[in-house]
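In what follows, a structure is listed as structure tokens, so that the remarks can point back to it.
Residue numbers (my numbering): 2 to 209.
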């Protein structure tokens, strides 16, 4: 109402105002499609996706990849309430304790990987032999982990630059804070060594 020059970065408001964000929908969809192509049918998604556009776009891409592949998504594998490291650590432990645990996981948030990696290690599992893993944001942890983690990445520097340019346009009067202008930057799926086909569990021997 005060008409203060404003730009939303990776978030949105209603009514819409100028915003800048990454294409998390296509990035998550591409990563999910890749895991499905490897043969995974139980893929978990950990994110903070219930209350913000980033999370909703990621969830939409995740769901659509399953739908397009004709794979039924188990809602138990969706953990969407926080981006915190503590949350991802606890939820990973709960997921791995399921009767049918996931064979692959997507950590859709910058700080989630720091909780997921130790939770997998505590369980005594190996990446990617026992479980495949994809993270979002190409963090130093993702690069230095053993094995290096496949990621959905985008240029965070460009996000900030586009947000600043959009704000400067408002200050010059070229754009108003009431215009629903959105700049969306591409994401890409970068394959490293953290994904493999799921292990085949041998069928129990038949009694003679």
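For glycine and all other residues, C-beta sits at the position ideal for the given N, C-alpha and C.
Predicted model, so just to flag it, every value in this text is computed and none were measured.
Open item on the list: Considering only DSSP beta bridges, list what residue 46 is partnered with.
Closed with: The sequence position of residue 46 within the chain shown is 45, counting from 1. Paired residue(s): 79, 107.
Task: For residue 189, the residue or residues it bridges with in DSSP - done: The residue you call residue 189 lines up with position 188 of the chain shown. Beta-bridge annotation (DSSP): residue 189 is paired with 154.
Open item on the list: As a quick exercise: from 10, 13, 18, 11, pick the residue whose alpha carbon is nearest that of residue 4.
Closed with: If you number the chain shown from 1, residue 4 lands on position 3. In terms of CA proximity to residue 4, 18 leads the group 10, 13, 18, 11.
- [ ] Look up residue 137 in the DSSP assignment and give the residues it is bridged to.
- [x] For the purposes of this step, residue 137 is taken as residue 136 along the chain shown, with counting starting at 1. Per DSSP, 153.
Open item on the list: Is it buried or exposed, residue 30, if we count other Cβ atoms within 10 angstroms and call 16 or more buried?
Closed with: Locating residue 30 in the chain shown gives position 29, counting from the first residue. For residue 30, the number of other beta carbons within 10 angstroms of its own is at least 16, and it is reported as buried.
- [ ] Check whether the Cβ atoms of residue 193 and residue 119 lie closer than 8 Å to each other.
- [x] What you label residue 193 is simply residue 192 of the chain shown in a count that begins at 1. What you label residue 119 is simply residue 118 of the chain shown in a count that begins at 1. No, these two residues do not count as a Cβ contact at 8 Å.
- [ ] State the DSSP-derived secondary structure class of residue 61, mapped to helix, strand or coil.
- [x] Working through the chain shown from its first residue, we reach residue 61 at position 60. Helix, per DSSP.
- [ ] Taking 8 Å as the cut-off, decide whether the C-beta atoms of residue 43 and residue 103 are in contact.
- [x] Counting from 1 along the chain shown, the entry for residue 43 is found at position 42. Counting from 1 along the chain shown, the entry for residue 103 is found at position 102. Result yes, Cβ atoms of residue 43 and residue 103 sit closer than 8 Å.
Open item on the list: If you follow the alpha helix (DSSP H) that residue 123 is in, where does it begin and where does it stop?
Closed with: Locating residue 123 in the chain shown gives position 122, where the first residue counts as 1. Looking at the DSSP string, the run of the alpha helix (DSSP H) that includes residue 123 is 114 to 123.
- [ ] Go ahead and label residue 163 buried or exposed: buried means 16 or more other beta carbons lie within 10 angstroms of its beta carbon, across all protein chains shown.
- [x] Position 162 of the chain shown, counted from the start, is the residue given in the question as residue 163. Counting of Cβ neighbours within 10 angstroms places residue 163 among the buried residues, the total reaching 16 or more.
Open item on the list: On the DSSP letters alone, give me the boundaries of the alpha helix (DSSP H) that residue 181 sits inside.
Closed with: Taking the first residue of the chain shown as 1, we reach residue 181 at position 180. Judged by DSSP secondary structure, residue 181 falls outside any alpha helix (DSSP H); it is assigned neither H nor E.
Task: Of the listed residues 157, 139, 141, 48, nearest to residue 93 (C-alpha basis) - done: For the purposes of this step, residue 93 is taken as residue 92 along the chain shown, with counting starting at 1. Of 157, 139, 141, 48, the residue nearest in Cα terms is 48.
Open item on the list: Is it buried or exposed, residue 218, if we count other Cβ atoms within 10 angstroms and call 16 or more buried?
Closed with: In the structure displayed, the chain extends from 2 to 209; residue 218 sits before or after that span and is not available.
TODO: Could you name the residues that DSSP lists as bridge partners for residue 10?
DONE: On the chain shown, position 9 is the one that residue 10 refers to. The secondary-structure analysis by DSSP pairs residue 10 across a beta bridge with 21.
Open item on the list: Between which residues of its own chain and residue 83 is the CB-CB distance below 6 Å, once the five residues before and five after are set aside?
Closed with: Taking the first residue of the chain shown as position 1, residue 83 is located at position 82. Cβ neighbours of residue 83 within its own chain (closer than 6 Å, five residues either side excluded): 49.
TODO: Would you mind stating whether residue 188 and residue 41 have Cβ atoms separated by less than 8 Å?
DONE: By one-based count along the chain shown, residue 188 stands at place 187. By one-based count along the chain shown, residue 41 stands at place 40. Residue 41 sits away from residue 188, with the two beta carbons spaced by 8 Å or more.
Open item on the list: With three or more C-beta pairs closer than 8 Å as the rule, is the segment 104 to 113 touching the segment 163 to 178?
Closed with: Contact fails: fewer than three Cβ-Cβ distances are below 8 Å.
TODO: Determine the contact status of residue 88 and residue 115, defining contact as a CB-CB distance below 8 Å.
DONE: Within the chain shown, the letter at position 87 stands for residue 88. Within the chain shown, the letter at position 114 stands for residue 115. Judged by their CB atoms, residue 88 and residue 115 are not nearer to each other than the 8 Å cut-off.
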